[in-house]
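Residue 77 in full-length UniProt numbering sits at position 77 of the sequence shown; the count goes up by one each step and never skips. We treat Cβ as the ideally placed atom computed from N, Cα and C, and that holds for glycine. Single-structure report; data block below.
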Amino acid sequence: MLRIVAAGTIFFPGLFLLSKKCLKNRLGWKEGDATVVSARLVSSIQAIMASSAGYVIASSCKDVIEDQHWLTSTYILFAVPYFAYDIYAMFLCYWYKMQVKGHEEDSARSKPMGSAVASYLRREFLMVLHHVVMVTICFPVSVFWRQGKGDYFQGVMFLAELSTPSVCLGKILIQYKKQHTLLHKVNGALMLVTFFICRVLLFPYLYYAYSRYASIPLYTVPLVAPWQCNLGALCLMAPQVYWFTLICRGAFRLFTGASRSRPLPPQGKPGGGCCSGQGNPLPPPSNGYSQVDTETGAH
1 MLRIVAAGTI FFPGLFLLSK KCLKNRLGWK EGDATVVSAR LVSSIQAIMA
51 SSAGYVIASS CKDVIEDQHW LTSTYILFAV PYFAYDIYAM FLCYWYKMQV
101 KGHEEDSARS KPMGSAVASY LRREFLMVLH HVVMVTICFP VSVFWRQGKG
151 DYFQGVMFLA ELSTPSVCLG KILIQYKKQH TLLHKVNGAL MLVTFFICRV
201 LLFPYLYYAY SRYASIPLYT VPLVAPWQCN LGALCLMAPQ VYWFTLICRG
251 AFRLFTGASR SRPLPPQGKP GGGCCSGQGN PLPPPSNGYS QVDTETGAH
């Protein structure tokens, strides 16, 4: 068990550092740009790994309660360090974005580290809370409390990560002021669909899957399921619904052309996107779901 956790602890930060070094040394990118893109890349790779594991698990479990697959607990143990790493990676993204020229009033450079961390936690509170819950609650529940039951449901929940690569690509396109491109619109539509299916409809589907297994009406499942399951599903689904509403708002502005009615700032070359001094009046938080993002057509 500890070896698997240690492997994840090395893999995700190591991949981040390797990616950042390659972008800086091979392509000549600035520190801030390399940091932000590397963080998105690691998130996308983790999402692909998680969704692949989820597909293997869900397709292998015929009995949604009793069937087990070795990959379930293995990937949970491997991926749990990612959420701790990602809190730090998001802070680095926030730190460098706040150094964009024109943000001196709220610049990370003008703040002591403690103030910068406090500001980051205020702006990213929901995302940081989500990550903390994944480590402190979802991890022990998934590995110990389940007692080997419900691997199918765990695999389906891994599939929620299918929406993450399109979210990360959208953030990168925003970073380089590519909101007007066809790629951004296609990616926005893909993100809207995948986020809705994989993160919003996922929880009703879990109840539906159990209703079929138990041969009971769907509306009775919350009544027979343990209260801990109902509470956990509610707590995990609530932020997904909130983020989806922000994505819908951004998609509406994007596809109705609202974002094109505003003048775009000068295009920056790939080495100076987030720290080149040509940003918007306020940088979006690193989670990408803020009001700022939606109003600029981010999602």
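Nearest to glutamine 154 by alpha carbon, out of Leu17, Ser51, Gly188? Ser51
Three-state secondary structure (DSSP) of cysteine 93: helix
Whether alanine 58 touches tyrosine 75 by CB criterion (9 Å): no
Neighbourhood of cysteine 275 by C-beta distance below 7 Å, restricted to the same chain and skipping five residues each side: Caution is warranted here: a pLDDT of 44 is assigned to cysteine 275, below 50, making its placement in the model unreliable, and no coordinate value can be reported.
Do you know offhand how far residue 350's Cα is from asparagine 25's? Because the chain here runs from 1 to 299, residue 350 falls outside it and cannot be looked at.
Just to confirm my understanding: we take serine 60, look at its own chain, exclude 5 residues before and 5 after, and list those with CB closer than 6 Å. What are they? His69
Buried versus exposed call for alanine 47 [16 or more other C-beta atoms within 10 Å across all chains shown]: buried
Grab me the residues of alanine 233's own chain with a C-beta within less than 6 Å of its C-beta, minus the 5 sequence neighbours each way, in chain order. Phe203
Measuring CB to CB, does alanine 84 end up less than 9 Å from valine 36? no
Tell me the residue span of the alpha helix (DSSP H) that contains residue 322. This structure does not reach residue 322, given that the chain is present from 1 up to 299, and the question cannot be answered.
Report the rounded CA-to-CA distance for aspartate 151 versus alanine 116, giving the unit in angstroms. 41 Å
If you draw a straight line from the C-alpha of asparagine 187 to the C-alpha of glutamate 161, how long is it? 16 Å
Anticipated Cβ contact below 8 Å, tyrosine 205 with valine 221, distance rounded: Actually they do not touch by this definition, with Cβ atoms about 11 Å apart.
Any idea if glutamate 66 is buried or exposed, counting beta-carbon neighbours within 10 angstroms, 16 or more meaning buried? exposed
Separation of tryptophan 227 from cysteine 22, as counted between CA atoms: 48 Å
Using a threshold of 9 Å, state whether the C-beta atoms of valine 80 and valine 5 are closer than that. yes
Since leucine 173 and isoleucine 247 are thought to touch, with beta carbons under 8 Å apart, how far apart are those beta carbons, to the nearest angstrom? Not really, about 14 Å apart at Cβ, beyond 8 Å.
So for proline 239, helix, strand or coil by DSSP? helix
Separation of lysine 149 from leucine 223, as counted between CA atoms: 19 Å
May I ask you to report which of helix, strand or coil DSSP gives glutamate 161? helix
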